[in-house]
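**Student:** Numbers given in my numbering equal positions in the sequence shown, counted from 1, plus 3. I am attaching a structure below and will ask some questions about it afterwards.
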Amino acid sequence: MIYDCIIIGKGPAGISAGIYLKRSNWNVLAIGKDGGALEKTSKIDNYYGFSNTISGHELLEQGLEQANRLGITLETDEVIGIEKEKNFIVETRNRTYETKTVILATGTNRNTPKITGIKEFEGKGVSYCAICDAFFYRNKNVAVIGAGDYAIKEAKTLANVAKSVTILTNGDELVENRDEALDEFVIENRGIKEITGNEKVENIVLKDGENIDTEGIFIAIRNSI
């Protein structure tokens with residue numbers, strides 16, 4: 004079979020593209036290996052059309068159910084190569100497909116510091132987007148890990164809702180030549196050893212052994228270009 008379009012990625016971007024193409028009578032296949040960052044998100048409250056809080060997993064499942072209902076073919080697999088012949092040849096770990104067009108909707112990898120506990124607590128107190136998740140930390144003590152303009156911007160966003168915001172540079176120098184006044188934040192320059200907690204984030208352990216109590220951590224390190 005030759006598809007009209009193969010979409011690499013079956014998160015919201017990929018499935019949304021597939022829905023519009025399918026409604027235009029295109030034969031569409033969407034391939035994705037997992038649910039990406041959204042699948043680890045525990046609470047979503049900023050998406051139109053949901054009267055109650057939902058999880059990222061629920062949002063993904065509803066999108067996939069809609070795609071199935073419309074007749075979009077879905078495959079769980081990893082794409083390992085694309086070649087251009089008369090059409091595009093898309094190779095996955097399990098088989099090969101042919102298509103007239105390809106859409107890349109794979110998202111981006113997060114720039115995550117190598118600190119023990121970050122991956123384990125993603126969606127359980129560790130976030131990567133203040134404008135997305137600040138709402139859930141009203142009147143709570145939170146921390147931002149980062150030392151650049153992006154970290155300061157995230158801290159400013161959180162300051163509007165959080166009880167307190169600590170910026171942890173993890174041993175780096177905080178950016179110079181900044182216009183913002185940072186008196187409202189605690190600035191911590193010592194290195195971070197690990198993040199600990201039970202069901203959710205509770206502590207940031209510094210390399211010298213001191214603990215910083217926190218109810219939320221925002222990773223604010225820009226990806227390299």
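Just so it is clear, CB atoms sit at the ideal spot from N, CA and C, and this is done for glycine as well.
Between which two residues does the alpha helix (DSSP H) harbouring leucine 67 extend?
**Tutor:** 59–73
**Student:** Please list, in chain order, all residues of the same chain as leucine 67 whose beta carbon is under 8 Å from its beta carbon, the five residues on each side excluded.
**Tutor:** Lys13, Ile18 and Leu77
**Student:** With burial defined as no fewer than 16 other Cβ atoms inside 10 Å of the residue's Cβ, what is the status of phenylalanine 53: buried or exposed?
**Tutor:** It is exposed - the Cβ of phenylalanine 53 has fewer than 16 other Cβ atoms within 10 Å.
**Student:** Taking only three categories from DSSP, how would you classify glycine 200?
**Tutor:** strand
**Student:** Per DSSP, which residues does valine 93 bridge with? Please list them.
**Tutor:** Ile85 and Tyr100
**Student:** Whose CA, out of Thr217, Met4, Glu125 and Arg26, lies closest to the CA of valine 93?
**Tutor:** Of the residues Thr217, Met4, Glu125 and Arg26, the one whose Cα lies closest to the Cα of valine 93 is Met4.
**Student:** Touching or not, the region 157–165 and the region 79–92, by the rule of three or more beta carbon pairs under 8 Å?
**Tutor:** no
**Student:** If we ignore side chains and look at the alpha-carbon of each, how far apart do lysine 43 and leucine 209 end up?
**Tutor:** 26 Å
**Student:** For alanine 223 and alanine 16, I'd like the C-alpha separation in whole angstroms.
**Tutor:** Their backbone Cα atoms lie some 23 Å apart in a straight line.
**Student:** Return the first residue and the last residue of the alpha helix (DSSP H) that leucine 171 is part of.
**Tutor:** Unbroken run through leucine 171 is the beta strand (DSSP E), 167–171; no alpha helix (DSSP H).
**Student:** By DSSP, does leucine 185 sit in helix, in strand, or in coil?
**Tutor:** coil
**Student:** Can you tell which of Phe124, Ala133 and Asn28 has the C-alpha that lies nearest to the C-alpha of isoleucine 207?
**Tutor:** Phe124
**Student:** Which partner residues of valine 178 appear in the DSSP bridge assignment?
**Tutor:** Beta-bridge pairing links valine 178 to no other residue.
**Student:** Quick check on the DSSP output: the beta strand (DSSP E) that includes leucine 32 runs from which residue to which?
**Tutor:** 31–35
**Student:** Going by beta carbon distance, what residues of the same chain come within less than 7 Å of aspartate 211, once the five residues before and after it are set aside?
**Tutor:** Arg193.
**Student:** Using 10 angstroms around the beta-carbon of isoleucine 107, count the other beta-carbons present and answer buried if the total reaches 16, otherwise exposed.
**Tutor:** The sequence shown places leucine at residue 107, not isoleucine. Within a 10 Å sphere around the beta-carbon of leucine 107 sit fewer than 16 other beta-carbons, which makes this residue exposed.
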